[in-house]
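Trainee: Can you read through this structure? Questions will come right after.
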Amino acid sequence: MTFSEILDRVGSMGPFQYLHVTLLALPILGLANHNLLQIFTATTPDHHCRPPPNASLESWVLPLGPNGKPEKCLRFVHLPNVSLPNDTQGATEPCLDGWIYNSTRDTIVIEWDLVCGSNKLKEMAQSIFMAGILIGGPVFGELSDRFGRKPILTWSYLLLAASGSSAAFSPSLTVYMIFRFLCGCSISGISLSTVILNVEWVPTSMRAISSTTIGYCYTIGQFILPSLAYAIPQWRWLQLSVSAAFFIFSLLSWWVPESIRWLVLSGKFSKALKTLQRVATFNGKKEEGKKLTVEELKFNLQKDITSAKVKYGLSDLFRVSILRRVTFCLSLAWFATGFAYYSLAMGVEEFGVNIYILQMIFGGVDIPAKFITILSISYLGRRITQGFLLLLAGVAILALIFVSSEMQLLRTALAVFGKGCLSGSFSCLFLYTSELYPTVLRQTGMGVSNLWTRVGSMMAPLVKITGELQPVIPNVIFGTMSLLGGSAAFFLLETLNRPLPETIEDIQDWCQQTKKTKQEPEAEKASQTIPLKTGG
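Quick note on numbering: the sequence shown equals residues 1 to 536 in full-length UniProt numbering.
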């Protein structure tokens, strides 16, 4: 008897599973707020140099740039009792007395003057946040395998609540970056534990639906963020508002049960039995739960218990050929998705559209995108869906190269389409990755995969800087990377309607079966082409 069959006995899709998925999904509403928060807390408003204290505001003139608009980072050299020039030929100097901002919002850019020579610090703040998510992936993956999925989930909620709230009271940009880094670390812990606890407590046939449901909560969060930002123009209060709710989520997480697979592999059979009996009672199958015994669990899950005696680590992802292929292809797909996604998601200001409206549209496109994705992965399969989503995103991003900046509507439409494909790619990848790696390496594999998408999201702001050399360079890089990621997905195994692999041997057997399945039609076709000998 496999774990899936044991789960069927206690209720594979009853009231417990619905409540379980709900408790996992609710906090995801707030993750979008943190990931995309700097769209609103770090908006760069129109600005120009502040005049010297002894200058007359009425006679203050700004130099004009090459585009005929007033310079944002230069002013005429001010000499007392000397009239300012009326053209652009006078000597200029940097904004020595700060800037005047034309904005109704209070942002970190205004508070710490992250403009002109300091404008790169704004991108650095987002990159450091993404670095936290990158570091948190392998760290929390290892801690989760050692201490369990549930405690790491709870502590990740607490860390996000504490560090996010503390960031709202930051006295300096350095302190703000430190707390944002910790926010990023905690988000990795939440994401990894949520995915694992979802796929391990939901039956195979419902995994795609439950995963997409959780993904939709992230989409809804993208609607919540611009609404909150519009209502709360002060960045500190906005930062506090999106963080405090995670204190409540940490309390609710105590009801979430531990992974049975982890309990069994850790030798905690009594606790695993009690958890299964609690689930059976909640699902109205109390009698079935009572029939289960520790001996039965040990006997039926002997294969898992034996494999637990062997310690697996990062090196095992590269020791076996099939796992090397899975790790390489998934890493490329995750990197491409994070790389391209955040190039579009964090570039809302670049399209010349109201950021509140455009963020609503960017969030709204996820609804049809994820709905189409769930249909595709449920009927066409994970591999085809993943490959084509990244290929289409790459084509959309490359198409932006050929569209003039004056054609704002078309550029926005392409960006929205590309972002929708990449959102679907994320939804597919979370499910696909958890299904490809065996239980003994699932959390490690998820950690490595998330590491690559965070490397991509960290590099996206740095690649955008290359646009100062040639405007088309960033989109060429982003689009090409998406095409490579999509191509790599076609070399993965198909997981549609397959049980989760438990051990490395399971995925090796699976690979061999796939090869045989492909070889049989070829052999049959070859035999049909052999001419039959006829008698003389």
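All C-beta atoms, glycine included, are put in the ideal place defined by N, C-alpha and C. On a predicted model such as this, the values are computed, not experimentally measured, just so you know.
Alpha carbon to alpha carbon, how far is Tyr101 from Thr41?
Mentor: 15 Å
Trainee: Which residue comes first and which comes last in the beta strand (DSSP E) that contains Tyr101?
Mentor: Trp99 to Asn102
Trainee: What do you reckon, are the CB atoms on Val326 and Leu436 nearer than 7 Å?
Mentor: yes
Trainee: State the Cα-Cα distance for the pair Thr385 and Ser376, rounded to the nearest angstrom.
Mentor: 6 Å
Trainee: Can you list, in chain order, the residues of its chain with a C-beta nearer than 8 Å to that of Asn119? Leave out the 5 residues immediately preceding and following it.
Mentor: Thr44
Trainee: With a threshold of 6 Å on Cβ separation, who are the neighbours of Cys329 within its own chain once the five nearest residues in sequence on each side are excluded?
Mentor: Ala488, Phe491 and Leu492
Trainee: Can you tell me where the beta strand (DSSP E) with Asp46 in it begins and where it stops?
Mentor: Asp46 to Cys49
Trainee: In terms of residues, what are the limits of the beta strand (DSSP E) holding Arg75?
Mentor: Element bounds for Arg75: Leu74 to Phe76.
Trainee: Taking just the CA atoms, how far does Ala280 sit from Glu287?
Mentor: 8 Å
Trainee: So, helix, strand or coil for Gln386, using DSSP?
Mentor: helix
Trainee: Is the segment 207–223 touching the segment 263–282 in the sense that three or more CB pairs, one from each, lie closer than 8 Å?
Mentor: no
Trainee: Out of Pro499, Thr466, Gly447 and Ser243, state which residue places its alpha-carbon closest to the alpha-carbon of Tyr157.
Mentor: Ser243
Trainee: With a cut-off of 8 Å on the beta carbons, I'd call Thr514 and Ser427 a contact; round off their distance for me.
Mentor: That pair is no contact at about 24 Å.
Trainee: Among Pro368, Pro171, Pro461 and Val463, whose alpha-carbon lies nearest the alpha-carbon of Glu419?
Mentor: The sequence given here places Lys at residue 419; Glu does not occur at that position. The residue with the shortest Cα to Cα distance from Lys419 is Pro368.
Trainee: Are the beta-carbon atoms belonging to Gly363 and Gln239 less than 7 Å from one another?
Mentor: no
Trainee: So, at 8 Å on beta carbons, what are the nonlocal neighbours of Pro63 in its own chain, with the 5 sequence-adjacent residues on each side left out?
Mentor: Pro70, Glu71, Leu74, Arg75, Phe76, Thr88, Gly90 and Thr92
Trainee: Considering only the alpha carbon of each residue, which of Thr219, Arg180, Ser103 and Pro257 lies closest to Leu19?
Mentor: Pro257
Trainee: Using the three-state DSSP reduction, which class does Pro226 fall into: helix, strand or coil?
Mentor: helix
Trainee: Throw me the rounded Cβ distance for the Leu414 and Ala393 pair, which I believe falls under 8 Å.
Mentor: That belief does not hold up - the Cβ atoms of Leu414 and Ala393 are roughly 10 Å apart, past 8 Å.
Trainee: Around the Cβ of Met130, are there at least 16 other Cβ atoms within 10 angstroms (buried) or fewer (exposed)?
Mentor: Met130 is buried by the Cβ-count criterion.
Trainee: Compute the beta-carbon to beta-carbon distance between Cys185 and Ile135, rounded to the nearest angstrom, for a pair I have assumed lies under 8 Å.
Mentor: 6 Å
Trainee: I'd like to confirm the pairing. Which residues does DSSP put opposite Leu159 in its beta bridges?
Mentor: Note: Leu159 sits in no beta bridge, so no partner.
Trainee: Leaving out the 5 sequence neighbours to the left and right, which residues in its chain are closer than 6 Å to residue 538 when beta-carbon positions are compared?
Mentor: The displayed coordinates of the chain run from 1 to 536. Any statement about residue 538 would go beyond what the structure contains.
Trainee: Please return the same chain residues whose Cβ sits closer than 7 Å to the Cβ of Pro15, not counting the five positions on each side in sequence.
Mentor: Phe282 and Asn283
Trainee: What is the C-beta distance between Ile196 and Arg442, in whole angstroms, given that I count them as a contact (C-beta under 8 Å)?
Mentor: 7 Å
Trainee: Need the endpoints of the beta strand (DSSP E) that Glu93 sits in, please.
Mentor: Thr92 to Pro94
Trainee: Return the chain-ordered list of same chain residues with a C-beta closer than 7 Å to the C-beta of Phe430, the five sequence neighbours on each side being excluded.
Mentor: Answer for Phe430: Val195 and Ser211, listed in chain order.
Trainee: Give the range of the alpha helix (DSSP H) segment to which Ser127 is assigned.
Mentor: Lys120 to Phe147
Trainee: Between which two residues does the alpha helix (DSSP H) holding Ile367 run?
Mentor: Asp366 to Tyr379
Trainee: One question on the structure: do Ser337 and Leu422 come within less than 7 Å of each other, judged by their Cβ atoms?
Mentor: For the sequence presented, residue 337 should be read as Thr rather than Ser. Closer than 7 Å, so yes.
Trainee: Please tell me whether Val463 and Pro474 are closer than 7 Å, where the distance is taken between their beta carbons.
Mentor: It is a contact, given that the beta carbons lie within the stated cut-off.
Trainee: Rounded C-beta distance between Thr439 and Glu350? I'm assuming under 8 Å.
Mentor: That belief does not hold up - the Cβ atoms of Thr439 and Glu350 are roughly 43 Å apart, past 8 Å.
Trainee: What number of angstroms, rounded off, separates the C-alpha of Thr433 from the C-alpha of Trp99?
Mentor: 48 Å
Trainee: Which residue comes first and which comes last in the alpha helix (DSSP H) that contains Glu200?
Mentor: Leu173 to Trp201
Trainee: Where does Gln470 sit, in a helix, a strand or coil, going by DSSP?
Mentor: Looking at Gln470 - three-state DSSP - the assignment turns out to be coil, as it is neither helix nor strand.
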